[in-house]
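Residue numbers (the numbering used here): 1455 to 1591. Virtual Cβ for every residue (Gly too), placed ideally from N, Cα, C.
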């Protein structure tokens, strides 16, 4: 079982989740799972198709926005758009949770939804250091 770290009321992040974590995520009130991990990074990780099936079986919406290294503008915008149009709580995950919170925070910063300082504080509270990845105004 993975630890879900709350960032805001709308989004939490986590390191690699398991198939059985989908039931737990639904029980904790999440309605969307975002997989930011590319297939094949680790031979032991579940495939995105299997994660999607488990999420849907648990009644969750699912999106796969695989990020390798730093997220691209297209990936940031895709995740921001997805969250902007989703009513409910989302859980985003990757190997450690870092790419997930970075992708989300860059979307917030680019849209002007939150200040850099606010994002750094939210990241710190969730256990992630965003000070070196967010643009300085």
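> How would you write the range of the alpha helix (DSSP H) that residue 1552 sits in, first residue to last?
Replying inline: Residue 1552 -> alpha helix (DSSP H) spans 1552 to 1565.
>> If contacts are defined as beta-carbon pairs under 8 Å, then residue 1541 and residue 1520 qualify, I think. What distance do you get, rounded to the angstrom?
In response: About 24 Å; that fails the 8 Å criterion.
> Could you give the distance in angstroms between the alpha-carbon of residue 1565 and the alpha-carbon of residue 1531?
Replying inline: When rounded, the distance between both Cα atoms is 9 Å.
> Which one of 1493, 1507, 1494 has the shortest CA to CA distance from residue 1475?
Replying inline: Checking every option, the nearest Cα to that of residue 1475 belongs to 1507.
> Are the segment 1550 to 1568 and the segment 1460 to 1469 in contact at 8 Å, needing three or more beta carbon pairs?
Replying inline: A contact exists between the segment 1550 to 1568 and the segment 1460 to 1469.
> Out of curiosity, what's the CA-to-CA distance linking residue 1581 and residue 1459?
Replying inline: Spanning the two alpha carbons is a distance of roughly 8 Å.
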